[in-house]
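Chemist: Protein sequences appear in the order of chains A, B, C and D. 1 is the number of the first residue of the first sequence in this note's numbering; add one for each residue after it. 1001 is the number of the first residue of the second sequence in this note's numbering; add one for each residue after it. 2001 is the number of the first residue of the third sequence in this note's numbering; add one for each residue after it. 3001 is the number of the first residue of the fourth sequence in this note's numbering; add one for each residue after it. All C-beta atoms in this analysis are idealised placements derived from N, C-alpha and C, irrespective of residue type, glycine included. Mind looking over this structure? Questions follow.
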Amino acid sequence: MDQLVTFAEQWIWLVIALPLAGFVFNHFLGSRLPEPLAGVIATLASGSAFVVALVAALPWIDGGRHGVTVELWDWMPSIGAEFEILWDPLSIAMTLLVTGVGTLIHLYSVGYMHGDGRFSRYFTYLNLFATSMLILVLANNFAMVFLGWEAVGMCSYLLISFWYTKPVAAEAGKKAFVVNRIGDFGFILGLVAVFAFFGTMSFDEVLVEPGAVLDQNWATAIGIAFLVAAIGKSAQIPLYVWLPDAMAGPTPASALIHAATMVTAGVYLIARSAAIFDLSETALMAVATVGALTALWAAIIAMGQNDIKGVLAYSTISQLGYMVVGVGSAAFTAGIFHLITHGVFKALLFLGAGSVIHSMGDEQDMRKMGGLLKKMPVTGWTMAVATLAIAGIPPLAGFWSKDEILSAAFNRGGYYQFIWALGIITAVLTAFYMTRWFVLVFLGEPRWDSDAHPHESPGVMTLPLVLLAVGAAVIGVINTPWRLGFEHFLEPSFESIHLQHAAEGTIAWVIAGIATIGAIAGVAFGYLTYRNRERKERFERGASRLLSGAERGFGVDGFYGKRVVAPLAATAEASARFDSKVVDGAVNGLAALVAKAGTALQPLQSGFVRSYGVGLVAGTLVLVVWFVMRGV
Amino acid sequence: MVETPEISLVAILPELALTVGAVVVLMVAVSSRRAATYLPWIAGLTVAATGAGLIAQYNDVAANGFSVSYAGMIVLDNQGIVIRTVMLAAIAVALLVGWRYVTGLGTRGGEALSLVFLSAVGFMLMASSIHFMLLFLGLEVGSISLYVLAALGQRAKRADEAAMKYFLLGSVASAIFLYGVALLYAGTGSLTYLGVFEFFSGDTLVFSDGLLSAGVALLFVGLLFKIAAAPFHSWAPDVYQGAPAGIVGYMGAAAKIGAIAALLRFVQVPFQSVIESIQVPLAAVAAFSVVLGTLYAIVQQDLRRVLAYSGVSHAGFLLMGIATGGVAEVQVLFYLATYVLVLVGAFGIVSLLEGSGSAGSPIENWKGLGRRSPFLAWSLTVFMLGMAGMPATAGFIGKFGIFTRAWSGDLEWLVIVGLLASVAAFFFYLRVVVAMFFEDGDGKTPKLGWPAGIGIGLTLVITVGLGLYPTPLLDVLTAALG
Amino acid sequence: MSELVIFVVAGAGALAGALTLILAKHPVYSALGMLGTLFSLAVLYVSQLAHFVAAVQVVVYAGAIMTLFLFVIMLIGVDQVEDTSETIRGQRVGAIGVVAAFAILSGYLWLSGIFSWEVVGTGTEPVNGSIEATGQLLFAEWVLPFEVTSLLLIVASVGAVGLALFKPRKAEDE
Amino acid sequence: MTVGPAWYMLLAAGLFVIGIAGVLTRRNALIMFMSIELMLNAVNLTFIAAGTALGDLSGQVAVFFVLVVAAAEVVVGLAIVVAVYRRRGTANVDELSEMSG
C-alpha cells in the first residue's frame, strides 16, 4: 500500500499530463494522421490517464485515508496558489468519473465522428476538455480550480459550436459562454473574498477551519457567491438556459458536457467548499431551494420535449438539481454519489441517443422514430437499463443515489421536508418522461420517413454502451443503506463538517418505499399512456395522425387522459413556452441590454473634437468640485 | 557664481542613452544615403545601451540605496528602474513588430525612430521625476513626440484627423495639468514632491483650501487624460483607430506607462497623507472608466476601437490599484507591464494584417484569419484572452492582484463593478477570435517577417509564461519595491 | 495706487484681447487680440517684478510665436472668414454650460474668501526676477529641466520638418 | 488699496476660462491653438503672482519653461495644421470627424 501511495505522489501528475499530451500531439500532428489514428491516440491518452488514476486510487479504496498533496510548481506563492494536486477521496471519485466515462466517450466518438472533416480537431478539443476538467477537480487551491473552470467553459464553447457553420450551433456556443460568464462573476467574487479574508487560496488553509476567520454573514456571502458560480456552471435556475441549446454540438460532446465534466463542476465546487457552507445554514438552504426548484421545473419541461436529445438535456438539468439538493442538505457525500451514478447513466443515455441519431441519418425528432428496439437491439436494451436507472427503479444505480439524497433531506427536517416533497414529485415525473422517451423511440410501430434505414451502430460505439450499461446497473452497490462504502470512502474529505446522513431504520424503508412506488408509478403511467395511445390511434385514425406529434398524443381518451394527462401536458407546454420566452429571454435580454447601453452611449463619441472638449472640461469640473467639496 | 547642484549621470543614464541614440539616428538619416541599412543597428545598439544603463542603475541602487540628485529634481530608485525597464521592453517589442512602419516611411523613418526614443525619454523622466515642473516637461516631451508620430503616417487616410484630435485635446489637458501645478505651487509654496508632502503632513497653511483642492484635481485630470480614463478618454478611440497601426500600440503603451508611473508616485509621496480624500474620487473615475470602456467596446465594429476602449477599462483597473494608495504598487506595476506588452503585440498583429500605415481595422477583415495565418490568429487569441484576464495568462494574475488589494483596501464596491465589467468584457475580446476562427472570409494574408515573429513570440512567451509562472517577476517586484 | 491703475488697465487689456481672440471672425484679428493680451500680461509681469520673464514674453511669445501664427494664417489664406454659426447639435449649450460653470466656480472660490491669502512663504523678501537671479536658479537648481527643454526643441524641429515637408504619395492615398 | 495676489489669480482664472471657451466654440484650428496659448498664459500669470506672494523665484523660472513648451507645442501644432490644410484644403476641425462612435 505504501508503495502505491508513493506511486500516487510521484505519478499523479500524469493524469493531467496525458490528456494534455494528447491535445498537444493532435493539435500539431492530428490533421496529418489518417482518420481513426487521431481518435485512437486521444482515446489512449484519456484511457491511460484513467489507468494511472485507478492504480493511484487503490490505497484509498478502503476508505479512511487522508489525501496527499503534490506540488508541481510555484504558481503564485504570494497568494497561496501553487500548482498543486490534491489527491483525496473527493478528487479521486471525480477523477475516475472524468477519465473513465471520458475514455468511453472518446472511444465512442471514434465511430461517431467518422467521416467528419475536422475529425482530429474534434479530438483535440475533447482531450483539452478532459485536461481542463482534471485540473479543476485535482486542484488544491481556488485559483487552480478557477483555471480549470474557465478552461472548461472555453472548451465547452468550442465543442458546442463545433459545427459552427450551422447558425444554431454558433448561437448555442455563444449562449453557453454568456451564461457561464455570469457564473464566473460569482466565482471570482468568492475568490477575491476568500483571499481577502484568508490571505491565501490554498485548501490546506482555507478549508480546514474557516470558522476561525469568517463570521456567519461572510460565510453566507461567500457561499452565495459560489452558489451563483454553480448556478451558471451546473445549469440551475435561472441560468440553465444554455444547457438545452448545448446539444447543438456533436452528441458525444453533449455526453461529455452533460455527464462527466463541465456541469458537475458547480456541484463539485460546493462540495469542495463544504467547510464554508457548513458555517451558514442560510447558504445551504439557498442551495437546496435552488436545486429543488430546478429539479422540478426541468422535469416539467422535459415532459413536453420531442427532440430525442432535448428530453435528455432537461433531464440533466433536473438531475443536477438533485445533486444540488444533496449538497444543499449538507449531504455532500450523497450529492457526489448521485453525481457519479448520473455521470454513468447520463453518458449512456446520450451515447445511446447518438447511436439512434446516427442510424436514423441525423433525425432527432422522436415523433419520427418508434420501434427501434428491433432494429438496434444493443442500443435499445442498454437504453432500457439507463431509463430504469434514471427513473430510480431498484436496484439500478439511480435508485440508490436518489434515495440517499431524498432521505437525507427528509432526515434534516423542517424546511427540508418540503424540499423532499418536491424531490418526490420530481422523481415521479422523471420516471414518467423517461419512459415516454423510451417508448417513443424504441417501442411501438415505426414512424420513420421512408428513406431512413436504421441499423445497429458499429462495435466501437456499442462497446461503450454495453460497458456503461453494466455500470449503470451495478454501480449503485458501492453505496447501499447496508453498506455505505462510498460514503465511508469520501468521509476523509469532509471530516471537519457536520455531514447530513440519510435516515435509518424504519423511516429509511418508508422513504425508500415511497420513492420506489413513485418511480414505478411513473414508469407504468408513462408506458400505458404512450403504448396505449399508439395502438389506439393507429387503429382508429391511421398512421398519418401518429406522425403529427407527441403532444397531441395527450388527447387520449379515458380518465387519466382527461383529468391527469391533459393538465399535465398543458403544464408542460406552458412551462416550455415560459422557458423559451421568459427565462431564455431574460438571459438574452441581459446581453442585449448591455449592448443597447453601449449603442446609446455612442452618440456621445460624436467624432467632433470640440464636443470631446466639452466632455473633457465637464469631467474636469466634476472632479474639481468634488475635490473642493471634500477638501484635500 | 553658479552653484552647481549634485549631478548624477547614473540617475539619467537610460534617458541619456536614448537621447544619444535619437540624435545619432537623426544625423545618420540626414547625412547618409544608406541610412536604411544602418538604422536597425543603431536602434538595436540604443536599446542595448539603455538596457546597460538600467543595469548600471540597478547596481547603483543595490549598492547605495535610492538617491536624489539634481537639487531634488529626480530620484533613482527601484520603482523608477522597473518602469523604465517596462518602457524599454515596450520599445523593443514595438520596434520589432512595427519595423515595417519605420522602413515604410522611407526618408522619414529616421525621424519616426528618433521620436520613439525621445518620447520614451519624456515618459521615463515622468517615472523618476520628483518635481512637478520636470514632470510636466517629461509629459510634454513625450506627448509632443506622440502627436508627431500620430501625424507622420499622413499617407494613411485618417492619420491627420487622429493627430489633430490628439493634439488639440492633449494640449488642453496639458494646460489643465499645468494650471494644477500652478495652483499647487500657489497653495503649498513648493514644486517638489517632498515639499508638497511636508506641506500636507504639517499644517502650515499657506494658501486657502479650496483653490489648492482645485489644483490637485486639475493635476490629476492631466494625468488621467494621458491614461485615457473616462471621462477623459474621448481622444483614445479615434487616435487608436486613425494613427498608423505600426506605432499606435507603442503610443498607447508609452503614455500609459508615463502617466501611471507619475500617479503611482503621487499617491506614494506628495499626496500620501491626504490619500483618504483623493481615494474616493479616483475610485469613482476608475469605476467609470471600467464600465464606460466596456460598454463602448462591446458595440465596436473595428478591432482598433475595441482595443482603444478596452484601454479605457484597463486604465480603470490600473487606477483601481492606484486608488488603494501605495499598497498595491507591485500589483499595479505587474499589471502595467503585462498589459502594455500585450497591447503593443496586438497592434503589431493589426499592423501586419492591415499594413503599418493603415487606419482602422474592421472585424470583417479578420474573418478566416485562423486558416490563412494560424500563428497570428492564435497569438492574437492569446493576447485577447490575456487582456480579458483569462487564468493561465498574465492578465489574470494582474487583475486578480489588483482586485484583492482593492478589496482589502475597503473598495469592495469597486471590485464588484470591476468584476461585472470584466465578465462582460469577454465578449468583445472574443469577438475577433470568433471572427478569425469561426467565420469565413478572404481578406489579406499577412506576411510575417522574422523581426515581427520574434516580437510577437516574445510577447506570447511573456503573456503565457507569466500567467503560468508569475513568481519570478512578482518576487523581483516585491524585492525591488518592498 | 499706481499698482492698482496698472493692474486695472493691463488687466482690462488682457481680457479685451482674450475676448477679441475668441470672438473675432477673422483669424488675423484673433491674432492681434492675442498679441494685445500678451503685451498686457508682460506689463503685469513687470509690475510683479518678473523682469526677465516679461522680456522673454515679449521676445519669444509676442515676437516669435505670434509671428509664426500670422505666418501660417497667411499661408492657409487670410481671406477666410469663419462662419461662427454652430453646426454640432448641443455643442453651444454644452460649451456655454461648462464655461459658465467654470467661471462660476472660480468666482465662488474667490468670493467665498478662499482666495484670501496669507503669506507664510519660504522667503519673505520681495523677489526680483532679474536676469542674474533667474539665471542663477535656472542653471543651478533647474539645470536638469533646462537640459530637457533641449529635447523639446529637438522634438519640435523634427516634428515640423517631418510633417510640413512630407509629400503625400498619391499611390498610397486612401 | 493694494492689489493682492488674489486679484491676479482671478484675472488668470478669467483668462483661462476664456481660453476654454475659445477651444470649445471655435472651429478654426488656428484660433483653437491660440486659445490654448491663452490658457497657458493664464497659468503663467498664476505662477508669477504666486511666486511674488510667496517670495520665491521658482514661480518665475517655471514660467520660463512653460514658454518653451508653448513654443514647441505651437510649432508642432502648426505643422499639423499645415499638413491637414495641404491634404484637405481647410483648417476647419469640424470637417475632421470621420471617426466616431
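Short of 6 Å in beta carbon distance, which residues of its chain neighbour L107 of chain A, apart from the five on each side in sequence? Order them along the chain.
Modeler: Once the five neighbours on either side are set aside, the close Cβ partners of L107 of chain A are T43 and P464.
Chemist: Taking all protein chains shown into account, decide if I61 of chain A is buried (16 or more other Cβ within 10 angstroms of its Cβ) or exposed.
Modeler: Its Cβ having fewer than 16 others within 10 Å, I61 of chain A is exposed.
Chemist: I need the DSSP call for A503 of chain A, collapsed to helix, strand or coil.
Modeler: In this structure, A503 of chain A counts as coil in the three-state DSSP scheme.
Chemist: If you check the beta carbons only, do F1317 of chain B and I1397 of chain B fall under 8 Å apart?
Modeler: Not in contact: F1317 of chain B and I1397 of chain B (Cβ atoms no closer than 8 Å).
Chemist: Measure the C-alpha to C-alpha separation of V40 of chain A and S109 of chain A and round it to an integer number of angstroms.
Modeler: Spanning the two alpha carbons is a distance of roughly 10 Å.
Chemist: Restricting to Cα atoms, I'd like to know which of A:S46, A:L97, A:I12 and A:S91 is closest to Y125 of chain A.
Modeler: The shortest C-alpha separation from Y125 of chain A is found at A:S46.
Chemist: The beta strand (DSSP E) that contains W87 of chain A, what's its start and end?
Modeler: Where W87 of chain A is concerned, the enclosing beta strand (DSSP E) stretches over A81 to W87.
Chemist: Can you list the residues of chain A that E3098 of chain D reaches, using a CB-CB cut of under 9 Å?
Modeler: Correct list: G607.
Chemist: The beta strand (DSSP E) with V1068 of chain B in it runs from where to where?
Modeler: Element bounds for V1068 of chain B: S1067 to S1069.
Chemist: Would you say M1387 of chain B and V1342 of chain B are within 8 Å of each other, going by their C-beta atoms?
Modeler: Going by C-beta atoms, M1387 of chain B is nearer than 8 Å to V1342 of chain B.
Chemist: Determine whether the Cβ of I2131 of chain C lies closer than 8 Å to any Cβ atom of chain B.
Modeler: Not closer than 8 Å to any Cβ of chain B, the Cβ of I2131 of chain C fails to qualify, so no.
Chemist: Between which two residues does the beta strand (DSSP E) harbouring W448 of chain A extend?
Modeler: Where W448 of chain A is concerned, there is no enclosing beta strand (DSSP E), given that its DSSP letter is neither H nor E.
Chemist: Between which two residues does the beta strand (DSSP E) carrying V70 of chain A extend?
Modeler: V68 to M76 is the extent of the beta strand (DSSP E) around V70 of chain A.
Chemist: Sort A:T430, A:D204, A:V587 and A:S315 by Cα distance to I393 of chain A and report the nearest one.
Modeler: For I393 of chain A, the nearest C-alpha among the options comes from A:T430.
Chemist: Can you give me, in chain order, the residues of the segment 589 to 601 of chain A that have a beta carbon less than 8 Å from any beta carbon in chain B?
Modeler: So the list reads A591, V594, A595, A597, G598, T599 and L601, given in the order they occur along the chain.
Chemist: Mind listing, in chain order, the continuous alpha helix (DSSP H) runs of no fewer than 4 residues lying wholly within the segment 2128 to 2168 of chain C?
Modeler: Runs of the alpha helix (DSSP H) inside the segment 2128 to 2168 of chain C: 2131 to 2139 and 2143 to 2164.
Chemist: Closest by CA to M1027 of chain B, which one among B:P1391, B:A1175, B:G1109 and B:D1410?
Modeler: With distances taken between Cα atoms, M1027 of chain B lies closest to B:G1109.
Chemist: In terms of DSSP beta bridges, what is L1076 of chain B paired with?
Modeler: Bridge partners of L1076 of chain B: B:S1067.
Chemist: Determine the direct distance from the alpha carbon of A2031 of chain C to that of L1013 of chain B, and round the result to whole angstroms.
Modeler: Taking the straight line from one Cα to the other gives about 43 Å.
Chemist: Taking CB distances under 8 Å as the criterion, tell me whether F1347 of chain B reaches chain D.
Modeler: Taking Cβ atoms only, chain D never reaches closer than 8 Å to F1347 of chain B, which makes this a no.
Chemist: Closer than 8 Å, Cβ to Cβ, to anything on chain B: give me those residues from the segment 53 to 82 of chain A, in chain order.
Modeler: So the list reads W73, D74, W75, M76, P77, S78 and I79, given in the order they occur along the chain.
Chemist: Could you list the residues in the segment 1114 to 1126 of chain B with a C-beta less than 9 Å from some C-beta on chain C, going in chain order?
Modeler: Cβ contacts with chain C: S1114, L1115, L1118, S1119, V1121, G1122 and L1125.
Chemist: Can you round the beta-carbon distance between D403 of chain A and A472 of chain A to whole angstroms, since I take them to be within the 8 Å contact cut?
Modeler: Between A472 of chain A and D403 of chain A the Cβ distance is about 16 Å, and since that is not below 8 Å, they are no contact.
Chemist: Quick one: give me the first and last residue of the alpha helix (DSSP H) that Y678 of chain A is part of.
Modeler: Residue 678 of chain A lies beyond the residue range present for chain A, which begins at 1 and ends at 632; the question has no answer from this structure.
Chemist: Consider the Cβ of A1089 of chain B: report whether some Cβ of chain A lies at a distance smaller than 8 Å.
Modeler: So no, A1089 of chain B is outside the interface.
Chemist: Any beta carbon of chain D sitting closer than 8 Å to that of E2003 of chain C?
Modeler: Output row for E2003 of chain C: interface = yes.
Chemist: Between which two residues does the alpha helix (DSSP H) harbouring A1228 of chain B extend?
Modeler: Note, A1228 of chain B: premise wrong, no alpha helix (DSSP H); not H, not E.
Chemist: Please report how far the alpha carbon of G1180 of chain B lies from the alpha carbon of L1212 of chain B, in whole angstroms.
Modeler: Roughly 8 Å between the two C-alpha positions.
Chemist: How about V1068 of chain B and L2152 of chain C: are their beta carbons less than 8 Å apart?
Modeler: Contact: no.
Chemist: Going along the segment 2155 to 2167 of chain C in order, which residues come within less than 8 Å of chain B, judged by CB to CB distance?
Modeler: Here the close residues are V2155, A2156, V2158, G2159, V2161, G2162, L2163 and F2166.
Chemist: Helix or strand or just coil, what does DSSP make of A225 of chain A?
Modeler: A225 of chain A: helix per DSSP, three-state reduction.
Chemist: Report the neighbours of G2011 of chain C on chain D: residues whose CB is nearer than 7 Å to its CB, in chain order.
Modeler: Residues of chain D passing the Cβ test: L3011.
Chemist: From the DSSP output, read off the bridge partner residues of R483 of chain A.
Modeler: Partner(s): A:T480.
Chemist: Pull up the DSSP beta-bridge partners for N3028 of chain D, would you.
Modeler: Answer is D:N3092.
Chemist: Taking buried to mean at least 16 other C-beta atoms within 10 Å of its own C-beta, is Y1309 of chain B buried or exposed?
Modeler: Answer is buried; the Cβ neighbour count reaches 16.
Chemist: Around the Cβ of P603 of chain A, are there at least 16 other Cβ atoms within 10 angstroms (buried) or fewer (exposed)?
Modeler: With fewer than 16 other Cβ atoms within 10 Å, it is exposed.
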